[in-house]
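Colleague: My questions all concern the structure below.
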Amino acid sequence: MIKKCLFPAAGYGTRFLPATKATPKEMLPILTKPLIQYGVEEALEAGMHTMAIVTGRGKRAIEDHFDVSYELEHQILGTSKEDNLSCIRSLIEQCTFSYTRQIEMNGLGHAILTGETLIGDQPFAVILADDLCQGDTSGVLSQMIDVFEQYQCSIVAIEEVPMEETNKYGVIAGKLIDETDNIYRVTDMVEKPNPDDAPSNLAIIGRYILTPDIFDILRNTPPGKGGEIQITDALLTQAKQGKVIAYKFNGKRFDCGSVRGFVEATNYFAKQEGII
Ligand code: UTP
């Protein structure tokens, strides 16, 4: 059973400057909820109660969000506004949150390795909170847990993207092994390839289930694209042993790390809530 979910949340979020100068990207709200809260809700729905968050300088608001705020709660006690906090209160009651800091921003792979101290020697999930996902029937992580239970190896969530956008993602090559459930055994993966060099248009999005041997692999993975330690490079080592499955999930994903994706998500959720 997978109990822990890791949230790498140390990145600078430069695409959202100046908003992210003093506010973590993960705290930007879609309607009234910060991105990272959607992620925690998705992990909880998938049965995880331990949230491990990799933060960095300027990210303290994340810790404050998953804590009680006595003054505020006292102030609104007994008023209709109390309800506005009920969803976050319920998360705080059901989950434990632990934090560690990434001292140097050496890439997503490095952020995941930094989280080892919170995860230990067990399979774990990873959510990049700026990829906001809504599953069709169950959450995307929940769907991935079902795949993990069957294959017992690392799982990446994938989506078809326009060929001209492959340079924004890790891209896989794989053999379709289950047509009904859209499951591929990964044979190759490349970080942010130019369309001409991309092995497919199947892009990895911000949801992973990783087996703990990934930590030793990451320790021995040299910096790759952009001089950063890339999780895609470490996963390739596992893929060469036949130990990575790619799963084309059922649902929607919004790239809320980009302004366009953020606006699309806001419109989508506002329509769902009947606000527009
Ligand atoms: P991004 O590639 O979106 O980078 O990171 P970023 O810094 O957050 O945003 P931009 O590109 O400057 O606008 C993908 C995920 O990996 C985390 C980020 O927090 C985000 O969730 N990350 C990235 C780290 O935790 N540490 C890093 O060193 C790099």
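Per numbering that gives the first Met the number 0, the sequence shown runs over residues 0 to 275. Ideal placement from N, C-alpha and C gives every residue a C-beta, glycine not left out.
Buried or exposed: which applies to GLN36, given that a residue is buried once 16 or more other Cβ atoms fall within 10 Å of its Cβ?
Modeller: Walking along the sequence shown from the start, residue 36 turns up at place 37. Classification of GLN36: buried, given that the 10 Å Cβ count is 16 or more.
Colleague: DSSP has ARG184 in a bridge; who is on the other side?
Modeller: Residue mapping note: residue 184 aligns to position 185 of the sequence shown, counting from 1. Answer is LYS174 and ILE244, bridged to ARG184.
Colleague: Just to confirm the assignment, what range does the beta strand (DSSP E) spanning LYS3 have?
Modeller: Taking the sequence shown and counting its residues from 1, one reaches residue 3 at position 4. Element bounds for LYS3: 3-7.
Colleague: With a threshold of 6 Å on Cβ separation, who are the neighbours of THR19 within its own chain once the five nearest residues in sequence on each side are excluded?
Modeller: For the purposes of this step, residue 19 is taken as residue 20 along the sequence shown, with counting starting at 1. Here the set comprises GLY12.
Colleague: What do you get for HIS64, buried or exposed, if any count of 16 or more other CB atoms within 10 angstroms of its CB means buried?
Modeller: Position 65 of the sequence shown, counted from the start, is the residue given in the question as residue 64. When all chains shown are included, HIS64 counts as buried.
Colleague: If you drop the 5 nearest sequence neighbours on each side, which residues of the same chain put their C-beta closer than 6 Å to that of LEU97?
Modeller: Working through the sequence shown from its first residue, we reach residue 97 at position 98. First, the residue type needs correcting, since residue 97 is Ser and not Leu in the sequence shown. Only ALA51 and LEU117 meet the Cβ criterion.
Colleague: Do you know offhand how far VAL243's Cα is from GLU72's?
Modeller: Looking up residue 243 in the sequence shown gives position 244. Looking up residue 72 in the sequence shown gives position 73. Cα to Cα, VAL243 sits roughly 46 Å from GLU72.
Colleague: Tell me which same chain residues have a C-beta within less than 8 Å of the C-beta of ASP120, skipping the five on either side of it?
Modeller: The residue labelled residue 120 in the question sits at position 121 within the sequence shown. Within the same chain, ASP120 has close Cβ partners PRO211.
Colleague: Would you call the region 141-151 in contact with the region 73-87, where contact means no fewer than 3 C-beta pairs closer than 8 Å?
Modeller: With the cut-off at 8 Å, the region 141-151 and the region 73-87 do not touch.
Colleague: TYR150 lies in the alpha helix (DSSP H); which residues open and close that run?
Modeller: Here residue 150 is taken as the residue at index 151 of the sequence shown, counted from 1. Its alpha helix (DSSP H) spans residues 139-150.
Colleague: Mind checking who MET50 pairs with in its DSSP beta bridge?
Modeller: In the sequence shown, counting from the first residue as 1, residue 50 sits at position 51. MET50 is bridged to CYS4 and PHE96.
Colleague: Within 10 angstroms of the Cβ of GLN93, are there 16 or more other Cβ atoms? Answer buried if so, exposed if not.
Modeller: In the sequence shown, counting from the first residue as 1, residue 93 sits at position 94. It counts as exposed.
Colleague: Between ILE154, GLY241 and GLU190, which has its C-alpha nearest ILE126's C-alpha?
Modeller: Working through the sequence shown from its first residue, we reach residue 126 at position 127. Checked all of ILE154, GLY241 and GLU190; the closest Cα to ILE126 is ILE154.
Colleague: Based on Cα-Cα distance, which residue from GLY134, ALA128, THR95 and ASN193 lies nearest to LEU107?
Modeller: Counting from one through the sequence shown, the residue named residue 107 turns up at place 108. Answer by Cα proximity: ALA128.
Colleague: Let me check you understand the geometry: is the CB of MET104 closer than 6 Å to at least one non-hydrogen atom of the ligand UTP?
Modeller: Here the question's residue 104 lines up with position 105 in the sequence shown. MET104: yes, Cβ under 6 Å from the ligand UTP.
Colleague: Contact check, ILE216 vs ALA233 under 8 Å by CB: the rounded distance?
Modeller: One-based indexing of the sequence shown puts residue 216 at position 217. One-based indexing of the sequence shown puts residue 233 at position 234. ILE216 to ALA233, Cβ: 5 Å. Contact.
Colleague: Pull up the distance between the alpha-carbon of THR95 and that of ASP177, whole angstroms please.
Modeller: Residue numbering aside, residue 95 sits at position 96 when the sequence shown is read from its first letter. Residue numbering aside, residue 177 sits at position 178 when the sequence shown is read from its first letter. Roughly 36 Å between the two C-alpha positions.
Colleague: So PHE123 and CYS4 are in contact, right, with Cβ under 8 Å, and what is the actual spacing, rounded?
Modeller: Along the sequence shown, one-based indexing puts residue 123 at 124. Along the sequence shown, one-based indexing puts residue 4 at 5. At roughly 7 Å, the Cβ-Cβ gap stays under 8 Å, so PHE123 and CYS4 are in contact.
Colleague: In chain order, what residues of the same chain lie with their CB nearer than 7 Å to the CB of TYR168, ignoring the 5 residues before and after it?
Modeller: One-based indexing of the sequence shown puts residue 168 at position 169. Closer than 7 Å at Cβ, skipping near neighbours: VAL160, LYS191, ALA202 and ILE203.
Colleague: Over what stretch of residues does the alpha helix (DSSP H) that includes GLU40 continue unbroken?
Modeller: By one-based count along the sequence shown, residue 40 stands at place 41. Start and end: 34-44.
Colleague: Apply the 10 Å Cβ neighbour rule to PRO17 and answer buried if 16 or more other Cβ atoms are within range, or exposed otherwise.
Modeller: Position 18 of the sequence shown, counting from 1, holds the residue named residue 17. Exposed: under 16 other Cβ atoms inside 10 Å.
Colleague: Which residue marks the beginning of the alpha helix (DSSP H) containing ARG259, and which one marks its end?
Modeller: As a first step, residue 259 is located in the sequence shown; it is residue number 260 there, counting from the start. Residues 258-271.
Colleague: Cα separation between SER137 and LEU131?
Modeller: Sequence index remark: in the sequence shown, residue 137 carries index 138 (1-based). Sequence index remark: in the sequence shown, residue 131 carries index 132 (1-based). If you take the alpha carbons of SER137 and LEU131, they lie about 14 Å apart.
Colleague: Rounded to a whole number of angstroms, what is the C-alpha to C-alpha distance between LEU43 and GLU163?
Modeller: Here residue 43 is taken as the residue at index 44 of the sequence shown, counted from 1. Here residue 163 is taken as the residue at index 164 of the sequence shown, counted from 1. C-alpha separation (whole angstroms): 35 Å.
Colleague: Enumerate in chain order the residues of its own chain whose CB-to-CB distance from GLY205 is below 6 Å, with the five nearest sequence positions on each side excluded.
Modeller: The sequence position of residue 205 within the sequence shown is 206, counting from 1. These residues qualify, in order along the chain: LEU127 and ASP130.
Colleague: If you measure from the CB of LEU84, is any heavy atom of the ligand UTP nearer than 6 Å?
Modeller: Looking up residue 84 in the sequence shown gives position 85. No, the beta carbon of LEU84 sits no closer than 6 Å to any heavy atom of the ligand UTP.
Colleague: Could you give the residue range of the alpha helix (DSSP H) that holds ASP215?
Modeller: Position 216 of the sequence shown, counting from 1, holds the residue named residue 215. 212-218 is the extent of the alpha helix (DSSP H) around ASP215.
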